[in-house]
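Mapping to the UniProt record's numbering: the sequence shown position 85 is 85, numbers consecutive.
Backbone N, C-alpha and C define an ideal beta-carbon position, used for all residues, glycine too.
Note that this is a predicted model, so its numbers are computed, not measured.
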Amino acid sequence: MPRTAAQNEALRSASRETVFAHAVRIFARRGYAATSMRDVANEAGVSVGLIYRHYATKDDLFTDVLSRAATGLEETARELGESEDGYAALARFLERYLGGVADVDGAAEFSVVANQAFLSDEPVGARERLLASHNAFRQALETAVSRARRDGRFPIGDTASVVAVLLCLLSGAVTMRMASGPAAVPSAEMVLRLLDGGDR
1 MPRTAAQNEA LRSASRETVF AHAVRIFARR GYAATSMRDV ANEAGVSVGL IYRHYATKDD
61 LFTDVLSRAA TGLEETAREL GESEDGYAAL ARFLERYLGG VADVDGAAEF SVVANQAFLS
121 DEPVGARERL LASHNAFRQA LETAVSRARR DGRFPIGDTA SVVAVLLCLL SGAVTMRMAS
181 GPAAVPSAEM VLRLLDGGDR
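So this is what it looks like as structure tokens:
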């Protein structure tokens, strides 16, 4: 029986997501410059032709990765900025982010690839959007931390230093996940207690 248009679209979407997931893994291991479309095809166990059905160039594929990363940062920035309870907003974000890094297959690799873009000169448009999204995310973190400090949280240092420590902890969690597995990722509760001075 012939497939319907909806079934065909669902298959194309599933195939594209498979290509995307394997591309993220190999970009994380080898870097953008050292990865070819054939490498992506081999990683995914599909033909090079199938890769090109979804992405015309390697730039298009990498741009999709960076675009999704930028969208995630923008959505998180909006959520952090909208909440008057900065501590609760940070707790929700950390639960989601650290839980994802620990438990979602490919989440740590996705973060590694996004971070690679900060050191790359290409693709230019996607990199610029990612940088702008990261700046918005950092500003939203500053807003949330400032609101939490207003309510008596995070007493050590100033807002900028708390945000810097938080960003370092997030990057470190990705490294620990890649090097030592899910159990090495700290809990949101532990991170918040450290930022709170460990006395709550």
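Option in the options with minimal Cα separation from residue i
i           : options                       : result
GLY99       : GLU128, GLY181, SER15, LEU195 : GLY181
VAL124      : ALA144, THR63, ARG96          : THR63
ARG193      : ALA23, ALA41, ALA91, THR57    : ALA91
residue 265 : GLY197, PRO186, GLU109        : Since the first and last residues shown for the chain are 1 and 200, residue 265 lies out of range.
TYR32       : TYR52, ALA44, GLU17, VAL65    : VAL65
MET178      : VAL165, ASP103, GLU122        : ASP103
ARG16       : ARG129, ILE51, ARG138         : ILE51
ALA44       : SER171, PHE20, ARG138, ALA188 : PHE20
As assigned by DSSP and simplified to three states, the class of residue i
i           : result
SER187      : coil
residue 205 : Within the shown structure, residues of the chain are numbered from 1 to 200, placing residue 205 beyond reach of any answer.
LEU169      : helix
ASP85       : coil
GLY197      : coil
ASP103      : helix
| field | Ranges of the alpha helix (DSSP H) found wholly within the UniProt domain "HTH tetR-type" (13-73), counting only runs of at least 4 | value | 37-44, 48-54
| said: Within 8 angstroms, do at least three Cβ pairs link the stretch 12-30 to the stretch 106-117? | reply: yes
| Counting only runs that start and end within the stretch 107-155, where is the alpha helix (DSSP H) found for 4 or more residues in a row? | 107-116, 124-150
| query | Are at least three pairs of beta-carbons, each pair with one atom in the stretch 75-90 and one in the stretch 148-164, less than 8 angstroms apart? | reply | yes
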